[in-house]
Amino acid sequence: MAIDALDRVLDALDSGDAELAYRLGTQALQAAPGDAPLWSACGIAARLGERPADAERCWRRALALQPDALATHHLASLLRAQGRDDEALACYQAAADHGSADARCWVGLGVLCAARRRLADAEAAYRSALALQPDDVAALTNLGLVLEQLRRLDEAEACQRRALALAPGLADLHNHLAGVLARWPDAQHEAEAEWHYREALRLAPQDARHGSNLGALLYDLGRVQEAEQVLRAAVAQAPGLASAQINLGHLLLSVGRLAEGFAHAARSYALLPPTAVVPGFPEPPPPGAAQPWTGQPLQGRRLLVWPEQGHGDQLQFCRYLPLVRAQHRPAQITYASTASLLGLMRSVAGADRHIALQEAPAALATHDYWVPLQNLPLFCGTHLETIPAETPYLWPASAGVLRWAPRIPQAPRKVGLVWRGNPRHDNDAERSLPGLATLAPLWQVPGVVFVSLQKWAGEEEGRRPPAGQPLVHLGSATADFSDVAAILAQLDLLISVDTAACHLAGALGRPCWVLLPAYRVDWRWLRGRADTPWYPRTRLFRQARRGDWAGVVDQVRQALVDWRQGR
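Numbered by my numbering, the letters in the sequence shown go through residues -17 to 549 in order.
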């Protein structure tokens, strides 16, 4: 009987003899080819016996005969182990559609949806898992991670606390709770986040991720020396951990140790898998004929420069193209730009050819090397004293300046404003202002006309500003950075939060004042300085304490008075 055969297969599996189990199962299937549980058991035996193709065949046959949660999970796990995540997602989705998914399948579906930034689908999947199994720790903590990304911090914290209460000995759960606690802007939550990171490290000292996360928090809190010690220990323990390398790199860059900092940043990028995609950033290059450039001689070689970071990074580091040409003398430099920057980037010196990012994968085959844009400072030997700080190195097209001129207000002082950054940026909650109303004191300064360059989040405020804050809103009419550059060329000053606009102003050599948070301030603004070696005409205004934008705006208002009066 098939049941007896299944029992014999399971007994063989229990005894650890996967080969015997598979042989018994395949023999029994000759007499019972429609027995789905037997096919599923054969799949387990084949997987344990390191016969993945046979395991896949068995589980697919089992599922064709009878949808089943266990076979679904086994097949999806195999597919994920082979890097076939799209097929694994389809497998879990089929179980959900058939009504055969158990909590484990729903969690698997949620994980794959979250990896694709399908956060609403991921949330729904985790909630389906919890409807079946309310105390499923994996569903709870993964739901918390998704809610954190959705900025629903109260719900995220509740999920992580509940998961931790169910399994207080799991280091990852302390790590996940610490992550959401660190997002709250108060000392109590920060202290609790630190405690949980330290507890994760105590429970799993062999896992360098916990040291990396603790070091990043200490750095964000301004405890730089302590953070460096923790991060160096994490890097020494796990040199292949990308997060530890980038966290240490950013710390070193922020204190002006550029050569070492850029080296760690370059290592972190090299360690990322080809499938690693950061939301809002360009995708990494696919494997191709071109080799990564790590400083080899370039004479007679063709180099493709890949923009792996956001718009601000591209605007900041494109200055290195002429330096690469002068120092390394390649036969050709091709620079790939994201679409919104392509037109403007044609004005930068040093590149023989400019292409759109979508053309870059095909272009790899015609180049000898490729390099991430942010690695160029490393290979040009950059130190604080040798930053190529001459500006401008980008220029707006004269036709664009003429086209925008009629829309620029006629006033003694014209000041551009950007008060919100990319809402998808991980640090948007810290670096963006709550709203345009936060800048209201600036309207107390007479003789200044404000021009909004705001895009995306905040555009509606630009179109309909608060009472008493009249401004000319041009942001919604801009199509790309060429338009923004043409406008900035005709303004006297830009006041901006830390987003791409301030890098554009700096690259154009235009005066710019940047409003910076106290917590998680970006490395490139260094620490404690009111100026920046990257942009000679940029001035920095820093929060004295986390969340204190009112204090920053008051400093800017007084500076605007002095600037207006020519002091």
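Note that the Cβ used here is the ideal one computed from N, Cα and C, for glycine as well.
Source: prediction; values computed, not measured.
Start and end residues, alpha helix (DSSP H) containing residue i
i: Q48; result: Element bounds for Q48: n/a, residue is neither H nor E.
i: L384; result: 380 to 386
i: T123; result: 119 to 131
i: S414; result: Per DSSP, S414 belongs to no alpha helix (DSSP H) and is neither H nor E.
i: L476; result: First-last for L476: 475 to 479, but that is the beta strand (DSSP E), not the alpha helix (DSSP H).
i: D136; result: 135 to 148
i: R445; result: 441 to 445
i: Y74; result: 67 to 80
i: G488; result: 482 to 489
i: G90; result: 85 to 97
i: V427; result: Neither: V427 is in no alpha helix (DSSP H) and is coded neither H nor E.
i: A468; result: 463 to 470
i: A550; result: Here the chain comprises residues numbered -17 to 549, so residue 550 is not present and cannot be evaluated.
Exposed unless 16 or more other CB atoms sit within 10 angstroms - verdict on residue i
i: H246; result: buried
i: L366; result: exposed
i: L551; result: No answer is possible for residue 551: it lies beyond the span of the chain, which begins at -17 and ends at 549.
i: L384; result: exposed
i: P493; result: buried
i: M(-17); result: Low confidence applies to M(-17): its pLDDT is 42, below 50, so where it sits in the model is not reliable, and the reading given next is rough at best. M(-17) should be labelled exposed.
i: S380; result: exposed
i: A467; result: buried
i: G277; result: exposed
i: P359; result: buried
i: A46; result: exposed
i: E242; result: exposed
i: P19; result: buried
i: R446; result: exposed
i: P394; result: exposed
i: W402; result: With the sequence shown as reference, residue 402 is identified as Arg, and Trp is not the correct amino acid for it. With 16 or more Cβ atoms within 10 Å of its Cβ, R402 is classed as buried.
i: W438; result: exposed
As assigned by DSSP and simplified to three states, the class of residue i
i: G243; result: helix
i: I369; result: coil
i: L60; result: helix
i: T364; result: coil
i: V(-9); result: helix
i: M(-17); result: Since pLDDT at M(-17) reaches only 42, below the 50 mark, its modelled position is unreliable, and the value read off the structure follows with that caveat. In the structure shown, M(-17) sits in coil (DSSP, three-state: anything other than H, G, I, E or B).
i: H407; result: coil
i: L399; result: strand
i: S110; result: helix
i: D513; result: strand
i: D17; result: coil
i: W352; result: strand
i: V503; result: coil
i: V330; result: coil
i: V454; result: strand
i: L152; result: coil
i: W41; result: helix
i: I390; result: coil
i: Q12; result: helix
i: T460; result: coil
Whole-Å CB distance - residue i paired with residue j, under 8 Å assumed
i: A483; j: L435; result: 6 Å
i: P448; j: A422; result: 7 Å
i: V162; j: A120; result: With 8 Å as the limit, V162 and A120 do not qualify as a contact, their Cβ atoms being about 17 Å apart.
i: A92; j: A111; result: Correcting the residue type first, residue 92 is Gly in the shown sequence and not Ala. Sure, about 7 Å apart at Cβ, within 8 Å.
i: E24; j: G(-2); result: Looking at the sequence shown, residue 24 is not Glu but Cys. About 16 Å separates the two Cβ atoms, so there is no contact after all.
i: G488; j: T520; result: 5 Å
i: Y74; j: C87; result: 5 Å
i: V217; j: A224; result: Rounded, the Cβ-Cβ distance is 11 Å, inconsistent with contact.
i: R39; j: H56; result: Contact flag wrong, Cβ pair sits at about 12 Å.
i: L415; j: W531; result: 6 Å
i: L254; j: Q296; result: Between Q296 and L254 the Cβ distance is about 18 Å, and since that is not below 8 Å, they are no contact.
i: A104; j: A96; result: 4 Å
i: A77; j: A51; result: 6 Å
First through last residue of the beta strand (DSSP E) which encompasses residue i
i: V430; result: 430 to 434
i: A520; result: According to the sequence as given, residue 520 is Thr; it is not Ala. Unbroken beta strand (DSSP E) run through T520: 520 to 524.
i: H336; result: 335 to 338
i: V535; result: Looking at the DSSP string, V535 is not in any beta strand (DSSP E); the run it does join, the alpha helix (DSSP H), is 531 to 546.
i: L498; result: 494 to 498
Residue i at chain D interface by Cβ criterion, 9 Å
i: Q540; result: No chain D appears in the structure shown, which is made up of a single protein chain.
Would you mind listing the beta strand (DSSP E) stretches within the segment 242 to 322 that are 3+ residues and don't spill past its ends, in chain order?
As summarised for the segment 242 to 322, the continuous beta strand (DSSP E) elements at least 3 residues long and confined to that stretch are 284 to 288, 314 to 319, given in chain order.
For a minimum of 4 consecutive residues, which ranges assigned as the alpha helix (DSSP H) are wholly contained in the segment 183 to 251?
Runs of the alpha helix (DSSP H) inside the segment 183 to 251: 190 to 202, 206 to 219, 224 to 236.
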